[in-house]
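Chains A and B, in that order, give the protein sequences.
Residues in the first sequence are numbered from 403 upward in steps of one, following this note's numbering.
Residues in the second sequence are numbered from 11 upward in steps of one, following this note's numbering.
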Amino acid sequence: MNETLPRTPAATGEPAAAESKRLNIRSGPILVWGGILLFLAIMGWGLLNASATRPEAGAAAPDFQMQFFDDYRWKDLPASNLEDMRGNVVVLNFWASWCVECRLEAELLENAWREYGDQGVVFLGIAYVDAEPKSLAYMQEYGITYPNAPDLGSEISESYEITGVPETFFVDREGNISRVVIGPVSDDVLHSELAQLLEQ
Amino acid sequence: MYNDFPNRSDNCRRSPSATNVVPVPLLVQWLHSSCIFLLLAACAGALLLIAVPATAQEPVTDDDVNDVARDLYCPVCENTPLDACPTQACQDWRDEIRAQLSQGRSEHEIQQYFVDRYGVEVLAQPPFEGFNMLIWLLPILVVVLAAFLFWRYLGRLREGAPPTADEPKKDDTAMVAQGSAQQPPPAADEDDYVSRIEKEVRE
Chain A
403 MNETLPRTPA ATGEPAAAES KRLNIRSGPI LVWGGILLFL AIMGWGLLNA SATRPEAGAA
463 APDFQMQFFD DYRWKDLPAS NLEDMRGNVV VLNFWASWCV ECRLEAELLE NAWREYGDQG
523 VVFLGIAYVD AEPKSLAYMQ EYGITYPNAP DLGSEISESY EITGVPETFF VDREGNISRV
583 VIGPVSDDVL HSELAQLLEQ
Chain B
11 MYNDFPNRSD NCRRSPSATN VVPVPLLVQW LHSSCIFLLL AACAGALLLI AVPATAQEPV
71 TDDDVNDVAR DLYCPVCENT PLDACPTQAC QDWRDEIRAQ LSQGRSEHEI QQYFVDRYGV
131 EVLAQPPFEG FNMLIWLLPI LVVVLAAFLF WRYLGRLREG APPTADEPKK DDTAMVAQGS
191 AQQPPPAADE DDYVSRIEKE VRE
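This is the structure we're talking about:
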């Protein structure tokens with residue numbers, strides 16, 4: 403009866419089994435090399451991400467969305483994009499209430515905002531890794547009135563690759579970064595840069 | 011004096027017309043009873059109001075805060091868990107945790123708050139979703155792969171076959187020696203090996 407049955411590959415006996423074994427043996431190195439390649443790909447992807455650097459002067463300012471603190475909105479909007487501010491000079495300042503050096507420039511920035519706010523300059527504060535009650539207390543302490551927003555998800559600071567606070571990015575009317583200041587911005591730098599940008 | 015008032019069951023038996031005229035002592039008793047009832051209800055309500063906030067405002071201990079904080083990492087202080095980080099930023103975060111615990115929020119809700127605000131990087135254990143799945147799955151895949159290869163290696167040792175894959179196996183060479191009709195044609199690189207086997211068989 404067995405002879406009348408169609409012979410399946412399993413029923414053909416040794417040659418087929420031997421062939422499949424040979425194939426399996428060669429799948430071992432393939433798996434190993436595949437694993438090594440996958441590992442290298444992941445490492446490479448990680449290195450590429452880690453090597454991303456802060457956008458410097460001349461580069462386009464990365465766009466981002468922000469949700470303003472309630473009393474610190476821009477044009478009374480609850481949320482906005484940097485792109486919406488195109489046509490204005492933007493002073494983008496990363497700060498935190500726990501940052502000691504940020505306190506050195508807080509009054510300067512607020513005074514400059516009051517001076518340049520009606521000349522097409524937008525001061526924009528981004529609270530980096532800061533607890534909201536502390537941020538609000540800090541802004542009240544220094545009488546800050548210019549637009550401010552928390553860095554939700556740390557996405558803004560990641561796109562600007564900041565390495566600490568304070569850091570200030572001057573963005574021209576075209577949306578390009580004109581200058582980056584690491585650390586507290588000085589009165590001279592602030593006024594000279596703004597004067598230059600407003601002349602353009 | 012109040013004991014002279016008719017009881018309630020008597021009142022219920024009154025005719026509808028009689029209920030329209032309520033005697034003054036009865037009204038006073040009714041008002042008195044109502045006042046007592048309202049007073050008791052007010053006291054019970056006040057006790058409830060006092061009891062509920064008292065439960066929600068149980069003092070939050072440092073241990074409670076650290077239980078939540080140890081699963082969080084502040085982006086400013088890399089590789090330092092929040093419960094052990096001495097910086098002001100982390101102290102602010104712990105204050106925030108304490109405030110939220112005192113509001114009755116659960117650990118999961120607090121973690122979600124920090125994720126929404128500061129990103130998923132703040133979690134000590136990345137969530138099992140998206141690209142982060144690789145972090146969980148890759149070690150398992152590597153272990154399974156290694157176990158599979160080791161099992162194959164042991165199997166080969168048990169068969170007594172040479173460890174390299176390129177050399178023909180014992181079953182194949184036996185079939186070559188027997189000249190079986192089912193044998194597939196030998197590959198060119200096996201010719202030398204086959205001839206040696208045949209020679210050994212003849213001897």
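Yeah, the Cβ is synthetic: ideal placement off N, Cα and C, and Gly gets one too.
- Chain A has no Cβ within less than 8 Å of the Cβ of GLY140 of chain B.
- Contact with chain A is found for GLY129 of chain B, since one of that chain's Cβ atoms lies less than 8 Å from the residue's Cβ.
- Taking 9 Å as the cut-off between beta carbons, the residues of the stretch 79 to 97 of chain B near chain A are CYS84, PRO85, VAL86, THR97, in sequence order.
- No Cβ-Cβ contact shorter than 8 Å links ILE546 of chain A with PHE496 of chain A.
- Runs of alpha helix (DSSP H) with 4 or more residues, each lying fully within the stretch 532 to 598 of chain A, are found at 534 to 543, 557 to 561, listed in chain order.
- The beta carbon of ASP574 of chain A sits closer than 8 Å to the beta carbons of VAL491, SER580, LEU599, GLN602 from its chain, once the five residues preceding and following it are set aside; these are given in chain order.
- Contact check for TYR474 of chain A against ASN578 of chain A fails: the beta carbons are separated by 8 Å or more.
- When the beta-carbon positions are compared, GLU512 of chain A and TYR544 of chain A come within less than 8 Å of each other.
- Assigned with DSSP and collapsed to three states, TRP497 of chain A falls in strand.
- Within its own chain, the residues whose Cβ lies closer than 7 Å to the Cβ of ASP465 of chain A, once the five positions on either side in sequence are excluded, are ASN483, LEU484, GLU485, listed in chain order.
- Around the beta carbon of THR71 of chain B, a 10 Å sphere encloses fewer than 16 other beta carbons of the protein chains shown; the residue is thus reported as exposed.
- Among the residues facing chain A, GLU210 of chain B is not included, as its CB has no counterpart in that chain under 8 Å away.
- When C-beta distances to chain B are compared with 8 Å, the residues of the stretch 485 to 506 of chain A below that value are ALA498, SER499, TRP500, in chain order.
- Taking 8 Å as the cut-off, the Cβ atoms of LEU133 of chain B and ASP81 of chain B count as close.
- Any Cβ of chain A closer than 8 Å to the Cβ of VAL75 of chain B would place that residue at the interface, and such an atom is absent.
- Scanning the stretch 436 to 472 of chain A from its first residue to its last, the whole beta strand (DSSP E) runs of 3-plus residues come out as 467 to 469.
- Not flagged as an interface residue toward chain A: ALA157 of chain B, since no C-beta distance is shorter than 8 Å.
- For a Cβ distance threshold of 7 Å, nothing in chain B lies close to GLY460 of chain A: the least Cβ distance comes to about 28 Å.
- The way I'd put it, the stretch 82 to 90 of chain B does touch the stretch 121 to 135 of chain B; three or more beta-carbon pairs between them come closer than 8 Å.
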